[in-house]
Each structure stands twice: as C-alpha cells, then as structure tokens.
Amino acid sequence: MPMPDVVTRFAPSPTGHLHIGGARTALFCWAFARKHRGVFTLRIEDTDQARSSDESARGIMEDLAWLGIDWDQGPEFTTSDGKKIGGDPFRVGPFFQARRVKLYNEHLMRLIEQGKAYPAFEKPEELESKRKAAVAAKQTYRYDRAALREMPDIKDRLKRMESGEPHVIRFFVPDEPVRVQDEVLGEVKYAAGEVDDFVIRKADGFPTYHFAVVVDDETMGVTHVMRAQEHLNNTPRHVALQKALGFRTPVYAHMPLICNMDSSKMSKRDKAKAARAAIKQASQKEPGVASRLASETGLGEKTLADFVAGEIDTVEVATAIGARLNIALPEIEVADFRENGYLPEAINNFVALLGWNPGMKLPDGKDLEKFDNAFLCQHFSVERIGKTSAKFDRTKLMSFNADAINALPDAVFAARWRAWCAEFSPEIVRRVPEARWGILASAVKARAKTFREASKPCAFAMLDDGAIVFDQAAVDKNLLANDKQGLALLRAFREAFAAAFPESSGDEVGAGPSHAIIETLAKDRGLGMGPVAQAIRVALAGVAVTPPLGETMAVLGRRSTLARLDRCLATHHG
Numbered sequence: 002m003p004m005p006d007v008v009t010r011f012a013p014s015p016t017g018h019l020h021i022g023g024a025r026t027a028l029f030c031w032a033f034a035r036k037h038r039g040v041f042t043l044r045i046e047d048t049d050q051a052r053s054s055d056e057s058a059r060g061i062m063e064d065l066a067w068l069g070i071d072w073d074q075g076p077e078f079t080t081s082d083g084k085k086i087g088g089d090p091f092r093v094g095p096f097f098q099a100r101r102v103k104l105y106n107e108h109l110m111r112l113i114e115q116g117k118a119y120p121a122f123e124k125p126e127e128l129e130s131k132r133k134a135a136v137a138a139k140q141t142y143r144y145d146r147a148a149l150r151e152m153p154d155i156k157d158r159l160k161r162m163e164s165g166e167p168h169v170i171r172f173f174v175p176d177e178p179v180r181v182q183d184e185v186l187g188e189v190k191y192a193a194g195e196v197d198d199f200v201i202r203k204a205d206g207f208p209t210y211h212f213a214v215v216v217d218d219e220t221m222g223v224t225h226v227m228r229a230q231e232h233l234n235n236t237p238r239h240v241a242l243q244k245a246l247g248f249r250t251p252v253y254a255h256m257p258l259i260c261n262m263d264s265s266k267m268s269k270r271d272k273a274k275a276a277r278a279a280i281k282q283a284s285q286k287e288p289g290v291a292s293r294l295a296s297e298t299g300l301g302e303k304t305l306a307d308f309v310a311g312e313i314d315t316v317e318v319a320t321a322i323g324a325r326l327n328i329a330l331p332e333i334e335v336a337d338f339r340e341n342g343y344l345p346e347a348i349n350n351f352v353a354l355l356g357w358n359p360g361m362k363l364p365d366g367k368d369l370e371k372f373d374n375a376f377l378c379q380h381f382s383v384e385r386i387g388k389t390s391a392k393f394d395r396t397k398l399m400s401f402n403a404d405a406i407n408a409l410p411d412a413v414f415a416a417r418w419r420a421w422c423a424e425f426s427p428e429i430v431r432r433v434p435e436a437r438w439g440i441l442a443s444a445v446k447a448r449a450k451t452f453r454e455a456s457k458p459c460a461f462a463m464l465d466d467g468a469i470v471f472d473q474a475a476v477d478k479n480l481l482a483n484d485k486q487g488l489a490l491l492r493a494f495r496e497a498f499a500a501a502f503p504e505s506s507g508d509e510v511g512a513g514p515s516h517a518i519i520e521t522l523a524k525d526r527g528l529g530m531g532p533v534a535q536a537i538r539v540a541l542a543g544v545a546v547t548p549p550l551g552e553t554m555a556v557l558g559r560r561s562t563l564a565r566l567d568r569c570l571a572t573h574h575g
C-alpha cells in the first residue's frame, strides 16, 4: 500500500500522563492529517528505559482515545466501548522505539563505516571535569574531539567497541551552517560550529532521542513534523543527521509554547509549586506539619524536606501532599481534566485555540471560537498557527465546558455524567437508583460547569437517613428562629406529604407534586417559599443548600424523605 502524501506523527515519551500541551500537538497533527486525507501516526518514544513504563504508554493512549484523537497507524488499542484503534497498515512498525534497536544499529554502523559517527570512550567524570573548567572560565562547553584526535584510526576504535569497553556513539557534525525552513517561524539559521558532536547512542546501547526520531520519521514515511517551539533547537541536529543518512527532511512547523496566565511555562512542576506553597502556608498554623505529612504519606522526612526545598518536583509527591492537605492541584495533564469532569469536546475546542484560530467572524462581528473536531479538521491550516506563546486561561476553559454541558440534551448529560460518576464518584451511583438518575441529573445540570461540580450538590443522596449531621447555624436560622417557626412548618409539611404519598402508593415520589405541597403550605401560612423550603432542606440534608426540593425528594423517595423529616423533628423537639 503506497504512503499518502501527508503523514504526521505524535511521539510522546511514556514517562507519565499526557500533558495538555502534548494533547494540543496530537490534536493539530491529527487535524492536519484528516484535512489532507493523510495518515496520523502514534509512536511511543521509550528509549529512556529508566523513566518509561508500559502503564504510562497505555495511559497516554487512553487519554488520546478519550479526546477522540484516533491514530491510523501505531500501537493497537481497544477502547472501553470496544473500538479498535491503531495497527500497521503500511508495515512500518513496531511503534515502540525500544523494539526498533536493531534498525537503529544498522543505520549507526553505516554512519560509523562512512566516518560520519564514531565510538567515544571518555568516562563521564572526564567530561564533567571539562564542563566545570569551561564554566569556571565563563565559557560555553563544547565537546572538543580530543579523544578522537588521540585515536583517529577507526579500526582501533571499533576493536575497543567490540571488546565491550563502555562507550557512546557520537555524530561527527559537519563544520557547516544549517538552515531550517519552518512553516511557522520562517527560515531559521544556525551558524557552523553551533552544534558539537552529540551522542546518538548511549552507553546502555539505546539510541538517543535525536537519532531515533530521525530514523523513525524516515522509515515511517513522516512528511510533516509539528511540535512545540521548545524542540526548535533540536532541529539542526536532526537536519544534519538526515543529510548524513541520505534521508528526506520533512516539513517542520514549531508551535508556540503554552504558558500560565503569569507567562510562566505551563508544566507538571506547577503541581509541585502549589503543593509546596500549601505546606508552607499550613506550617504557619501547624509548625510540625511537615513531619506529620512525612508520616501520613509514607514519603519519609528526607523526601519531604527535599520537596519543600525544591530539590525534587515529582508529581507523585505533590499529589500525595495535595490529598492529605485537601487542596486542589492545578490541572496539567489530560487525566487531571478528565478526573475533574471536563468534557473532551470542550478540551479540544479550547486547546485548538492555543496558538491557532480559524480566522472567521460571527454575524455580530466577534471571532468564531466555538467549534467541534469536524470543523477543526475541515478548516485547520498551519498558516494560522501563531508565533507567540499562548496563555492557558482556566476561567475561559471553565466557561467553554459549562456551555458544552448546557448544550447536551438532558438524557445525554444524564448518561455521560453517570458514566463519569461510576469511575470517579461511584458512591453516588451506588446510592441513587438508576430509575431516579434522570431526575437528579435534571436537578443539577443547569448550574454545573463540570461533572465534578454537578456531583457536589448530591451529598444529601450519599448519606444514610440516620447519619445526617445537622449544621447548627442552619438549624438556628431555619428551624428555631421566630419561636421555632421552621419546626412548625416542618410538622405541617410532613403531614401533608404523608397524606399526598400514602404507603400504598409505593416509594416513588413525583417532583412536581412535592413542590406543589410546599407552595400550598407557604400560601396557606401567608409566607414566601423561602421559610418552608429552607426548613425542609435542613431536615433532608442537614444544611440549607440542596438541589430543587421537588427533585431532591423524588431522588430520596417516600421512605427516606419521611425518615429524615421525622428524625429532624425528633432531634430538635419539633
């Protein structure tokens, strides 16, 4: 099968969850391939054996599939609903770099035989000493080829290499300028001598990123490389290698970085910053909080001390601390947004606008910003990618998500929210019968900006009838004030509710009829709805905030509603 004219690729390292910036790269590469009826490739760059894991690779694939970014060639993956993604239709796999070492070595040996690469035997401490000397002299360190000059005969070097002596393979960088025509940034020039002889195979026998990516792009037929601008300085190395190997140079397009609103780079370290700030704030109230956290998290005092000092920034430590201090860490990875109840279509829409826009206006003259993936695939173009950094406005993303939720048909919202709850808040699903789920969904949808926010008002449904803790301030204000007016209203409502829904009618309660009882009682007593409704809320949930009361009682059912009314009246001597 011949390769199409356009082949893009997304090549993450499986060292953790998919960063939202990586999601944007994948989205743009996917949309570009779809627009041009090309092929979108997923490749897993796992040559860093110490940090890579199969679990992370699977997590990245799950994140991409959740976003709806399906790959035409790449690791085979089956989604939770049975959809199969990936495969090797053009016979260019495998798609894990660690399984392609034989191919890399074949190209490496060709370079060595042609004098374009060579084994180098310096010990790490030798190179470190030279680096320190350069720093002390306030000079930029460059590999000096001294060892190569001492042993110029390639046969001697190969003999040492074949004997098993520890070594790396370095690329002999030609002393010539490199020009890169970038589709976003224009022509980028690198003077001769700016790049020294970099390592292309490490001492562990695995290729470096620079070498593997060049070989893979060629052998997988990649025509367009779209990646973040942080990779721009890697490009002269890649172009030089392509020339030495006789490979094509694909079209490059380097996209702007994604920054926080304060212009700092958006990275996983933001979680560590937030957790570190929380520890310091907590220490002002509790001087021994660090020791307590070290014990409760099992991290140990040294690890925690290093974390507070900024010597380590691992997400795992930050997450453990965030959980113990009950603080929300900033969402950085796709999994964070999914867990917090964002919709994939809202994420895609928002992320697509980070450095790109369709350049279209609405009838009112405003920029068109709301669109779906089909629109993106139809209208995406590299020419509209900006050069300057994009700012990640979380308030705007929340607004996008709220609008996306509001646009869902009620039945679709109910189904998707239930699926989210089953994974991230299963207690709600266990407590609320499926037959009543639609009632609860309709009660919370209007004010929900995320699925997690939709779940917060549902605390009343997750309590046993006898386990409600009554907020004393709410009791004083809504039940005991004005000579216990609230308790009197509660008794009257209980009587009317029991009459309207006798035991013989079963446990189901209509939201409309329940609300009508409240209205009638308020009218008969010459009151507004507030005093009656607030008294009932305190009885049913222990606090004065719940979803609409008709729906709240419909979710609880007749037995639980009466049990809670009775317990409240008994507890407060009503």
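The numbering of the sequence shown is this note's numbering, which starts it at 2 and goes up by one. All residues carry an ideal CB built from backbone N, CA and C; glycine is no exception.
Under 6 Å Cβ to Cβ from residue i, same chain only, skipping five residues before and after it: list those, please.
i, result
"Gln98", "Glu46, Asp47, Thr48, Ala213"
"Arg419", "Trp438"
"Met399", "Lys450"
"Val117", "For the sequence presented, residue 117 should be read as Lys rather than Val. Closer than 6 Å at the Cβ level, and outside the excluded window around Lys117, lie Phe173, Ala245."
"Ala135", "Tyr142"
"Gln182", "Glu188"
"Thr547", "Phe461, Arg538, Thr553"
With residue i as the anchor, note down where its beta strand (DSSP E) starts and where it stops.
i, result
"Lys103", "Lys103 -> not in any beta strand (DSSP E); alpha helix (DSSP H) instead, spanning 102-114."
"Phe78", "75-79"
"Asp368", "It is not in any beta strand (DSSP E) - Asp368 carries neither H nor E in the DSSP assignment."
"Gln182", "179-183"
"Ala121", "118-121"
"Arg171", "169-172"
Buried or exposed for residue i, please, with buried defined as at least 16 other CB atoms from any protein chain shown within 10 angstroms of its CB.
i, result
"Val240", "buried"
"Ser57", "buried"
"Met227", "buried"
"Leu528", "exposed"
"Gly342", "buried"
"Pro576", "Nothing about residue 576 can be reported from this structure: the residues present for the chain run from 2 to 575 only."
"Asn350", "buried"
"Gln282", "exposed"
"Gln535", "buried"
"Ala408", "exposed"
"Ala462", "buried"
"Met262", "exposed"
"Lys397", "exposed"
"Leu377", "buried"
"Val335", "buried"
Once DSSP output is grouped into helix, strand and coil, what is the label at residue i?
i, result
"Pro514", "helix"
"Thr42", "strand"
"Ala310", "coil"
"Asp525", "helix"
"Trp357", "strand"
"Gln140", "coil"
"Gly187", "strand"
"Ile86", "strand"
"Lys124", "coil"
"Phe96", "coil"
Could you check where the alpha helix (DSSP H) with residue i kicks off and where it finishes?
i, result
"Val352", "345-353"
"Ile322", "316-326"
"Phe338", "335-340"
"Lys160", "155-163"
"Lys272", "270-286"
"Glu297", "290-298"
"Thr562", "550-572"
"Gly507", "Per DSSP, Gly507 belongs to no alpha helix (DSSP H) and is neither H nor E."
"Arg579", "Nothing can be reported for residue 579: it is not among the residues displayed for the chain, which extend from 2 to 575."
"Arg150", "147-151"
What residues in its chain sit with their C-beta under 8 Å from that of residue i, if we drop five residues either side in the sequence?
i, result
"Lys131", "Tyr142, Asp145"
"Ala423", "Val430"
"Pro90", "Met2, Asp73, Gln74"
"Val476", "Val539, His573"
Taking CB distances under 8 Å as the criterion, tell me whether residue i reaches chain C.
i, result
"Ala449", "No chain C is part of this structure, which consists of one protein chain only."
Within a Cβ cutoff of 7 Å, which residues of the same chain sit near residue i, ignoring the five residues on either side of it in sequence?
i, result
"Pro178", "Lys190, Tyr191, Ala192, Ala193"
Alpha helix (DSSP H) runs wholly inside the segment 374-451, at least 4 long, in chain order: With a minimum length of 4 residues, the continuous alpha helix (DSSP H) runs that stay inside the segment 374-451 are 374-380, 395-408, 411-425, 427-432, 435-445.
Every unbroken beta strand (DSSP E) within the segment 194-261, with a cutoff of 3 residues, ordered by chain: 200-202, 225-229, 252-256
Segments assigned beta strand (DSSP E), at least 3 residues, entirely inside the segment 4-59: 8-11, 40-43
Any alpha helix (DSSP H) of 4 or more consecutive residues that is wholly inside the segment 446-492: 452-456, 473-476
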